[in-house]
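*Asks:*
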Amino acid sequence: MRYLDLLRMSASNLLRRKLRTALTVLGVIIGTASIVVMVSLGLGLRKSSLDQIEEYGGLTTINVNNYSWYSDSGDDKEADRIDDKVVETMAQLPHVELASPVLELNVLAKQGAYEGWLWIRGMSQEALQNMNIEVGEGTLPPDDGSLQLFYGNQVVTNFYKAKTNEYYWDTGEVPDVDLMNDPLFVIFDTDAYWQAGSQDSSGKTIAPPKKYIIPTAGIMAGDLETYSQNCNSVFADIDALRTQLKKVFKNKVIPGQPTTKSGKPYKDIYYEQVYVRVDSMDHVQEVQQAIQDMGYNADSNAEWMEQTQSQMAMIQMVLGGIGAVSLFVAAIGIANTMMMSIYERTKEIGVIKVLGCDMRNIRSMFLLEAGFIGFFGGLIGLVLSEIISVIINSVASKASEGYYGQLSYIPLWLILVSLVFAVLVGMLAGFFPALRAMKLSPLAAIRNE
1247 MRYLDLLRMS ASNLLRRKLR TALTVLGVII GTASIVVMVS LGLGLRKSSL DQIEEYGGLT
1307 TINVNNYSWY SDSGDDKEAD RIDDKVVETM AQLPHVELAS PVLELNVLAK QGAYEGWLWI
1367 RGMSQEALQN MNIEVGEGTL PPDDGSLQLF YGNQVVTNFY KAKTNEYYWD TGEVPDVDLM
1427 NDPLFVIFDT DAYWQAGSQD SSGKTIAPPK KYIIPTAGIM AGDLETYSQN CNSVFADIDA
1487 LRTQLKKVFK NKVIPGQPTT KSGKPYKDIY YEQVYVRVDS MDHVQEVQQA IQDMGYNADS
1547 NAEWMEQTQS QMAMIQMVLG GIGAVSLFVA AIGIANTMMM SIYERTKEIG VIKVLGCDMR
1607 NIRSMFLLEA GFIGFFGGLI GLVLSEIISV IINSVASKAS EGYYGQLSYI PLWLILVSLV
1667 FAVLVGMLAG FFPALRAMKL SPLAAIRNE
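Quick note on numbering: this note's numbering labels position 177 of the sequence shown as 1423, and the sequence is numbered without any gaps.
(1) If you measure between the beta carbons of F1434 and K1457, is that distance less than 7 Å?
(2) Are there any heavy atoms of the ligand SAH lying less than 6 Å away from the beta-carbon of P1455, as far as the coordinates show?
(3) Which residue's Cα is closest to the Cα of Q1519: I1637, M1369, S1610?
(4) Pull up the distance between the alpha-carbon of V1671 and that of S1640, whole angstroms please.
(5) Please say whether I1275 and G1623 have beta carbons closer to each other than 7 Å?
(6) State the start and end residues of the unbroken beta strand (DSSP E) segment that holds E1699.
(7) Tell me whether the stretch 1385-1398 and the stretch 1409-1424 touch, counting them as touching only if at least three CB pairs, one residue from each stretch, are closer than 8 Å.
(8) Under 8 Å, with one C-beta from each stretch per pair, do the stretch 1377-1385 and the stretch 1354-1368 reach the 3-pair mark?
(9) For the candidate residues V1310, S1474, N1476, P1461, whose alpha-carbon lies nearest to that of G1391?
(10) Who are the Cβ neighbours of N1309 in its own chain at under 6 Å, not counting the five residues just before and after it?
(11) DSSP three-state call for T1462: helix, strand or coil?
(12) For the candidate residues V1420, L1674, S1664, F1677, whose alpha-carbon lies nearest to that of G1277?
(13) Can you tell me whether G1676 is buried or exposed? The criterion is at least 16 other CB atoms within 10 Å of its CB, across all chains shown.
(14) With distances taken between CB atoms, is the gap from D1525 to E1334 smaller than 7 Å?
(15) What are the start and end residues of the alpha helix (DSSP H) that includes Y1360?
(16) Between G1449 and K1356, what straight-line distance do the alpha-carbon atoms span, to the nearest angstrom?
(17) Just the Cα atoms here: how many angstroms apart are D1329 and N1312?
(18) Measuring straight from C-alpha to C-alpha, what distance separates M1426 and G1620?
(19) Given a cut-off of 7 Å, decide if R1327 and S1479 are closer than it, judged by their beta-carbon atoms.
(20) What are the partner residues of Y1517, as DSSP defines its beta bridges?
(21) Which of the three DSSP states is assigned to L1395 in this structure?
(22) Please state the DSSP three-state secondary structure of E1334.
(23) Measure how close the beta-carbons of L1289 and Y1655 come, nearest whole angstrom, since I'm counting them as under 8 Å.
(24) Would you call the CB atoms of I1578 and L1628 closer than 7 Å?
(25) Who are the near neighbours of E1380 in its chain, counting only those whose CB is closer than 7 Å to its CB and skipping five residues on each side?
(26) Apart from the five residues on each side of it in sequence, which residues of its chain come closer than 6 Å, Cβ to Cβ, to C1477?
(27) Rounded C-beta distance between Q1375 and A1463? I'm assuming under 8 Å.
(28) Just reading off the beta strand (DSSP E) that E1383 is part of, what are its end residues?
(29) Taking just the CA atoms, how far does Q1553 sit from Q1490?
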């Protein structure tokens, strides 16, 4: 018997009893949709976690810090300081793609009736380009030697009315500050700002610090409700920032820098942080350990990532198991349908055997019928699961105000695997009924009424 004839006979037998076939297919639809939706929830949670990790530093970045090297007493350990040579040593470690020092400074900014405290982070051009910062207006800080600032999308909320000290989070009123178009005055010497008008140890009156107009390079994409790791940060090119600070604090100690025992500044600039990017997530812990062996604190998202993966794998197994129960019930329904079909078609099977039909053809016919049920049930179940996934994502996005944008995630591989799995379940459920059909005695089958 030709394979095309087997297909035609299998389809004809299923269509002969439409209601029973439809009910059996319905069981597969529910089972497939259940397991796909359940697994998609686990995948969606995992994807959301990975996206959050990527936003908060990335999967291949290491944050090196050395906060313990400086104290208010001026006592610091010279061997533990991070300078350009140390950063270069880190850059030469195996699997390190990029190592950038981070020069941080807290400044006071003024515009009109508003003032605000800004935390400026100076980084290399290569690091700024590799941080995947989405630009909303303007550009990232240029590499032309001029100091220009790039603001996070929520930096404007750091400003308050100078007379009332009322912030945006207190009043809900957005500060009338245009970072992109209006000039911004920046005070770097904040100690002199607070001490202005008072007298120093020699009896001289401390003059107010100089204000500098610092141009804006750009602003990060997003509104005041868009949260990310850098939404409140202010970035600058580290070389331009370093030049500016040496100009402002000439012969004086730059805030955050160590001093000699006599209280004088060092010639070199030292850093509290280093931004390190590794070539692969597989080498993050190796590089992190190498930096720790150098005597510096180093943390990454590797530990968080491992915990997240193990937790998500457990969740996926539980959710997938719940969905598999529905598909198992559907498999029982397919087996029952095939057994009933054998009892009803016993005489037909006997005639086929008497005519000399190969036993394998009889088995293939029943397996094809079961496979058809699994295929169409799986196909419709996938369409249903896509609809349910869209509904879940829509409801979750509204309920979380956009925090969970994709709670249910159905990748292409899950669609293909689910369809193949549904067909295999159907054929496995029909395997034993097919064997029973093969073992029927031809004479007994013909005499059966």
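We treat Cβ as the ideally placed atom computed from N, Cα and C, and that holds for glycine.
*Replies:* Judging by the given coordinates:
(1) no
(2) Only the bare structure without any ligand can be found here, which leaves the ligand SAH out of the picture.
(3) M1369
(4) 32 Å
(5) yes
(6) Within the shown structure, residues of the chain are numbered from 1247 to 1695, placing residue 1699 beyond reach of any answer.
(7) no
(8) no
(9) P1461
(10) D1545
(11) strand
(12) S1664
(13) buried
(14) no
(15) That residue, Y1360, is in no alpha helix (DSSP H); its beta strand (DSSP E) goes 1360-1369.
(16) 29 Å
(17) 11 Å
(18) 60 Å
(19) no
(20) I1328
(21) strand
(22) helix
(23) 5 Å
(24) no
(25) M1466, A1467
(26) G1398, N1399, Q1400
(27) So it is not a contact: roughly 13 Å between Cβ atoms.
(28) 1381-1384
(29) 43 Å
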